[in-house]
Amino acid sequence: MGAGTGAGTGSDVVSQQARRHPPPRRGAWATRTTVVCVTTRGAFAPHDPYRGRMSDSTLERSLPRMRTDYDSRPFDVDDLAPTWHEQLAAWLAEAESKSLPDPNAMVLATADEHGVPSSRTVLCKGLDAGGVVFYTNYTSAKSHDLHRTRVAAVTFPWYGLHRQVQLAGRVERATEAESDAYWAERPRGAQLGAWASAQSTVVARRVALDDALANVTRRFADDERIPRPPHWGGWRVSPWQVEFWQGRADRMHDRLRFEFGRDDRWQVRRLAP
Numbered sequence: 001m002g003a004g005t006g007a008g009t010g011s012d013v014v015s016q017q018a019r020r021h022p023p024p025r026r027g028a029w030a031t032r033t034t035v036v037c038v039t040t041r042g043a044f045a046p047h048d049p050y051r052g053r054m055s056d057s058t059l060e061r062s063l064p065r066m067r068t069d070y071d072s073r074p075f076d077v078d079d080l081a082p083t084w085h086e087q088l089a090a091w092l093a094e095a096e097s098k099s100l101p102d103p104n105a106m107v108l109a110t111a112d113e114h115g116v117p118s119s120r121t122v123l124c125k126g127l128d129a130g131g132v133v134f135y136t137n138y139t140s141a142k143s144h145d146l147h148r149t150r151v152a153a154v155t156f157p158w159y160g161l162h163r164q165v166q167l168a169g170r171v172e173r174a175t176e177a178e179s180d181a182y183w184a185e186r187p188r189g190a191q192l193g194a195w196a197s198a199q200s201t202v203v204a205r206r207v208a209l210d211d212a213l214a215n216v217t218r219r220f221a222d223d224e225r226i227p228r229p230p231h232w233g234g235w236r237v238s239p240w241q242v243e244f245w246q247g248r249a250d251r252m253h254d255r256l257r258f259e260f261g262r263d264d265r266w267q268v269r270r271l272a273p
């Protein structure tokens, strides 16, 4: 995960990263980038990912005009469920009933020991008063971050409903029993993939992944049940704050946040949009 090896502070490392990867000058993004791919013959061939797409100048003109007008109904404290997890469950159920794609998808944000952030989409597979649970490879980049910092943030983005939910809290591994129970429900192909993929490591070419999957498929060909890998399991994000956001007209959105106080009680606050 690009951990620093020097004796400098975290902020020093972040500054070094910023100097190493400075932001492009204004307008520099319009310069096309050549993507080099490995062909099936092992040679390198340039590929233009922008071929046939909207021109850069057209996109630059249209971006400022891209917006959505929200007309959601009012959302106030009286509309909330008694607890944050009941409210999240209600919104999640509504997202599923509206046939939104991947309604349980959530963006997980982590940071390494130097404060360098990263984010990715994972699937919520558990929800209760203790937090939200997702499953992954424990040797992945995100798991390395979580092991080091023990904190994370999560966002459920339901664009089709003009809603989102943000959680921030501490993290811990799910229990072995929880991971075993979910593993048993996964499709066989997904189980094989978990054994085959060394998540977040560099792969020279796609065929290496295909070969790895073929190898584990042969390995477990005679097994009715595939065991859970020791490097795979769940993480639980136990929030200390949960914000429910709903879009409103004129950008006067509703923001209601559950906060866990020092008195071990939850409070609800309204935030300015």
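Sequential numbering of the sequence shown, starting at 1, is according to the UniProt record's numbering.
Beta carbons are placed, not taken as given, at the ideal position from N, Cα and C, and that holds for glycine.
These figures come from a predicted structure and were not determined experimentally.
Burial check for V165: the Cβ neighbour count within 10 Å reaches 16 or more, so the residue is buried. If only uninterrupted beta strand (DSSP E) runs of at least 3 residues are considered, those enclosed by the stretch 121-170 are 126-128, 131-137 and 151-158. Taking every protein chain shown into account, the CB of V132 has 16 or more other CB atoms within 10 angstroms, so this residue is buried. Under DSSP, the beta-bridge partners assigned to D254 are Q246.
Three or more Cβ pairs closer than 8 Å define a contact, and the stretch 62-81 falls short of that threshold against the stretch 141-149. Judged by DSSP secondary structure, A111 falls within the beta strand (DSSP E) whose first and last residues are A105 to A111.
In this structure, W235 and R173 form a Cβ contact; the two beta carbons are roughly 6 Å apart against a cut-off of 8 Å. Taken atom to atom, the span from the alpha-carbon of S179 to that of V242 is near 25 Å. Counting every other CB atom within 10 Å of its CB across the protein chains shown gives D210 a total below 16, marking it as exposed. Bounds of the beta strand (DSSP E) holding V268 are W266 to R270.
Under the three-state reduction of DSSP, E259 is assigned to strand.
In the DSSP annotation of this structure, the continuous segment of the alpha helix (DSSP H) that includes A93 starts and ends at W84 to S97. With distances taken between CA atoms, W84 lies nearest to Q267 out of Q267, A272 and L271. For the options N104, A109 and Y138, the alpha carbon positioned closest to that of G126 is the one of N104. Contact between A95 and W158 holds, with the beta-carbon distance rounding to 5 Å and staying under 8 Å.
Pairing V122 with F134 gives a Cβ-Cβ distance under 8 Å. Apart from sequence neighbours up to five positions away, the residues of its chain that approach D128 with a beta-carbon distance below 8 Å are H85, ordered along the chain. Only residues of its own chain outside the window of five on either side were considered, and among them I226 have a CB closer than 8 Å to the CB of R188, listed in chain order.
Judged by their CB atoms, G247 and S72 are nearer to each other than the 8 Å cut-off. Residue pairing for S238: DSSP places it in a beta bridge opposite R170.
Rounded to the nearest whole angstrom, the C-alpha separation of H231 and G193 is 13 Å. Inter-residue distance for A109 and F220 is about 34 Å (C-alpha atoms, whole angstroms). Per the coordinates, the alpha-carbon of L167 lies some 14 Å from the alpha-carbon of W91. Under the DSSP assignment, G189 falls in the alpha helix (DSSP H) whose first and last residues are R188 to A196.
If the five residues before and after F258 are omitted, its C-beta is found closer than 6 Å to the C-beta atoms of W84, V242, W266 and V268, all from its own chain and listed in chain order. Distance from V237 to V154 at the Cβ level is roughly 6 Å; contact confirmed, criterion being Cβ atoms closer than 8 Å.
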